[in-house]
Amino acid sequence: MNTRDTPIEFLKGVGPQRAELLRSELGVRTVGDLVRHYPFRHIDRSKFYPISEVDPNAALVQIKGKFMRLDSIGAKRATRMVGAFQDGQGNIMEVVWFRSITWIKQTIKPDVEYVLFGKPSIFNGKLQMTHPEIEPASEFDKPLKGGLEGVYPTTEKLKARKLDSRAIRKLMQAALPMAMSGVQETLPAYMLKRQSLLSNTEALQGIHFPENTEQLKRAERTLKFEELFYVQMRLLRVRSLREQNIKGLVFEAVGEHFNTFYKEHLPFPLTGAQKRVIKEIRKDIGSGQQMNRLLQGDVGSGKTIVALLCALIAIDNGYQATIMAPTEILAQQHYESLFELLINMNLNVALLTGSSKAAYRKKLHASLESGEINLLIGTHALLEDKVKFHNLGLVVIDEQHRFGVAQRSKLWKKNTRPPHILVMTATPIPRTLAMTVYGDLDVSVIDEMPPGRKPIKTVHRFDSARLQVFGFMKEEIKKGRQIYVVYPLIEESEKMDYKDLMDGYESICRAFPQPEYQVAIVHGKMKSEDKDFEMKRFADGQCQLMVATTVIEVGVNVPNASVMVIESAERFGLSQLHQLRGRVGRGAEQSFCILMTGNKLSNEARTRMNTMVETNDGFRISEVDLKLRGPGDIMGTQQSGALDFHIADLIKDSELLEAARQEAEYIYDNDPKLEHPTLAIVLQRLTLIMKRMPNWARIS
Ligand code: ADP
Ligand code: MG
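Count along the sequence shown from 1, add 1159, and you get the number used in our numbering.
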């Protein structure tokens, strides 16, 4: 057995009880797991501070000196021990203990030099330290302690069992030699050389017990690379297994429907980016492999027409196609606009949502199963088992980040051979994140807006400027424009001082009185008929204003609406703000986005507002968003499991990630089954990782 596989219980100083805790708290089961429990920072223990130079705000400092006095103060429960600690320069600092008093009394001797290590603070104007780590200076001088000391993540439960950072460090001293015996490389030699990495044992030594910063840096780089590399290997493995095991439907022909539509009914020339993406997709679906492609394109970049053209290719090849949208409003809109585009095409397009009536459904189910329906547009409702296709060849998932993996995998099963999958998103994901979360998908990007669009002008206004904003809105309405006013909430919350939708609706109605103005309202708690009714009033131009919550965030298309007012904008995340802004700027007129906020803003909120004002570029915005919120929050909990890194950081380590991806691709390009002997260690480790991964990682 590999010594790294030794159960942690058998490590010196552990035993069954601590072993159980290490497992439940840190997921550490073996010696090998323990050595992968890395310090989250390092403290320079080579340095002793003179008391006169200690910054009371410093995190941790180390001081050498002697105890001049040791007094116990107060009675009973309030008893504490106070020591006067003097350094070599004669300066004095107070040291305080509230616990372990007896032990302190017995242990600390006068005239013995000690090293204290702890967090300084100021109390009653005096520098002090409570419960420092304390050690006789004679013992401290041992090697290993002179350099950088790792601080380990730990938990309250572990600390209660005396497994604090120091104790873990001690375990590490025992574990590391065990982990280093035998052959332990995790990356092939050629890769270490090419990427100038340390060997695994050197890296472990360097992260746990570095002698200097240089060594620590190299160790970190190696371990980060290794982690990122195996994530990429896993993703590419998923793709490679899919390619080996799944035969894709072959759509060879671009037939009559596509051609007729393209020549006669296309309402506008495609942009270069749209054409390029369609080419990429055509290559996929003609290749014999199942397509799994992510289409990224900013709001308004024209993804819908791409989806439609692909659907036509599927239909030309004798298959059905479906488009799934995350909300009813969006599904409805897709249905209406596609229905109109296809009106002279002699094709059957149908809509299925949660509110489709039973009788209609029944008919629909039948005509779907008979193959009569060519294109089905819908919401989650089309995932139901009752919904069966005759021969589903293409699935388009719009705004895919709203759907979970389980839901998508259901669509796979709607045909005996999995259909081609095109997922579309208007939330641009930074490349590093896309590579990690969707690394097993092919990615296409529409990076060009349809011609003639004027960039949206975005401004930030404080609530105190509301009257001016209303004045501006009235001018725009006079020019024939329509306006969205969006609120973050639909119910009044007692504690918070932001406006809620109903209040806002009333004040808008007051400021924009009938009969001159008509105001529509839409929010998530309305019945869908009412929502539709209000949406329609707005879309038809019967209302000048639409007061809404974020239900209008996704996909809604009213080209004449040219002003987006976002209330309490500080309460929205960046990508949400960008999505909302994307509701305007769809027509030929100059559009505006007005971000309303309170006067007091956190730094982060200010960054969000400034970013919105400065740029319309969704990718730039998503980069900033990633930095502000971190990857987990951006992807939501659905995918955050894929973002659990031990040591790597997707934001800071993007260059390493690129390098790791390239190395992984190099392997799959040259030896997809990992058969070459140099790759044996990679295969072994990868197999282990795949075993530990939950199932959902296999389907994207
Ligand atoms: P999104 O990518 O946000 O889903 P849509 O597909 O809804 O964008 O397209 C936004 C608008 O741009 C629609 O009104 C659509 O008709 C229009 N559009 C799309 N492509 C073009 C193009 N090549 N030229 C002109 N207008 C286009
Ligand atoms: Mg869209």
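Ideal Cβ placement from N, Cα and C applies to all residues, glycine included.
- Membership of Ala-1243 in the beta strand (DSSP E) is indicated by the continuous run 1239-1246.
- Taking every protein chain shown into account, the CB of Gln-1403 has fewer than 16 other CB atoms within 10 angstroms, so this residue is exposed.
- Exclusion of Asn-1550 from the 7 Å shell around the ligand ADP follows from its C-beta lying no nearer than that to any non-hydrogen atom of the ligand.
- Using a Cβ distance threshold of 8 Å, Leu-1467 and Leu-1429 do not count as a contacting pair.
- Looking only at Gln-1738, Gly-1477, Phe-1169 and Lys-1684, the smallest Cα-Cα distance to Leu-1408 is reached by Gly-1477.
- When the alpha-carbon of His-1424 is set against those of Pro-1577, Ser-1496 and Ile-1437, the nearest one is in Ser-1496.
- A Cβ-Cβ contact shorter than 8 Å links Lys-1616 with Phe-1751.
- Straight across, the Cα-Cα distance linking Leu-1375 with Pro-1369 is about 5 Å.
- For the pair Leu-1581 and Leu-1704, the CB atoms are not nearer than the 8 Å cut-off.
- A contact between stretches requires three or more CB pairs, one per stretch, nearer than 8 Å, and the segment 1657-1676 fails this requirement with the segment 1731-1749.
- Less than 8 Å divides the Cβ of Tyr-1827 from the Cβ of Leu-1395.
- Under a 10 Å Cβ-count criterion, Tyr-1197 is classified as buried, with 16 or more other Cβ atoms of the shown protein chains found around its own Cβ.
- At a cut-off of 7 Å, the beta-carbon of Asp-1457 does not count as near the ligand MG: no heavy atom of the ligand is closer than that.
- By the beta-carbon neighbour count (other beta carbons within 10 angstroms, threshold 16), Arg-1452 is buried.
- The ligand MG approaches Asp-1557 closely enough that one of its heavy atoms is under 7 Å from the residue's Cβ.
- For Tyr-1349, the CB contacts under 8 Å within the same chain, skipping 5 residues up- and downstream, are Thr-1837 in chain order.
- Going by DSSP, Gln-1374 is part of the alpha helix (DSSP H) stretching over 1372-1404.
- If you ignore the 5 residues before and after Met-1768, its C-beta comes within less than 8 Å of the C-beta of His-1619, Ala-1728, Glu-1729, Leu-1754, Thr-1756 and Leu-1760, all in its own chain and listed in chain order.
- Placement of the Cβ of Ala-1585 at a distance of less than 7 Å from at least one heavy atom of the ligand MG is found.
- Look at Pro-1589 here: in three-state DSSP terms it is coil, with no helix or strand label.
- Residue pairing by DSSP puts Gln-1479 in a beta bridge opposite Leu-1551.
- With contact defined as three or more Cβ pairs closer than 8 Å, the segment 1730-1742 and the segment 1764-1784 are in contact.
- The beta carbon of Ser-1324 sits closer than 6 Å to the beta carbons of Val-1310, Tyr-1311 and Thr-1313 from its chain, once the five residues preceding and following it are set aside; these are given in chain order.
- In the displayed model, Leu-1809 falls within coil according to three-state DSSP, outside both helix and strand.
- When DSSP reads this structure, Pro-1279 sits in a beta bridge with Met-1288.
- Under the 8 Å Cβ criterion, the segment 1816-1827 does not count as touching the segment 1619-1628, having fewer than three qualifying pairs.
- A Cβ-Cβ contact shorter than 8 Å links Ile-1444 with His-1579.
- Of Ala-1432, Val-1436, Gln-1332 and Asn-1574, the smallest CA-CA separation from Gln-1449 is found for Asn-1574.
- Using a Cβ-Cβ distance cut-off of 8 Å, the segment 1542-1556 and the segment 1581-1595 are in contact, since at least three pairs of beta carbons, one from each stretch, lie closer than that value.
- Looking only at Ala-1593, Phe-1384 and Lys-1547, the smallest Cα-Cα distance to Glu-1528 is reached by Lys-1547.
- Across the set Ile-1327, Phe-1804, Gly-1249 and Ala-1585, the C-alpha of Ile-1327 shows the shortest separation from the C-alpha of Val-1190.
- Counting only runs of 3+ residues, the beta strand (DSSP E) found wholly inside the segment 1609-1640 occupies 1616-1621, in chain order.
- Residue pairing of Met-1723 in beta bridges, as defined by DSSP: Tyr-1643 and Cys-1752.
- Bridge pairing for Ser-1666: absent [DSSP].
- For Met-1504, no beta strand (DSSP E) encloses it, and the DSSP letter there is neither H nor E.
- Burial is judged here by how many other beta carbons sit within 10 angstroms of a residue's own beta carbon; Gly-1663 has at least 16 and is buried.
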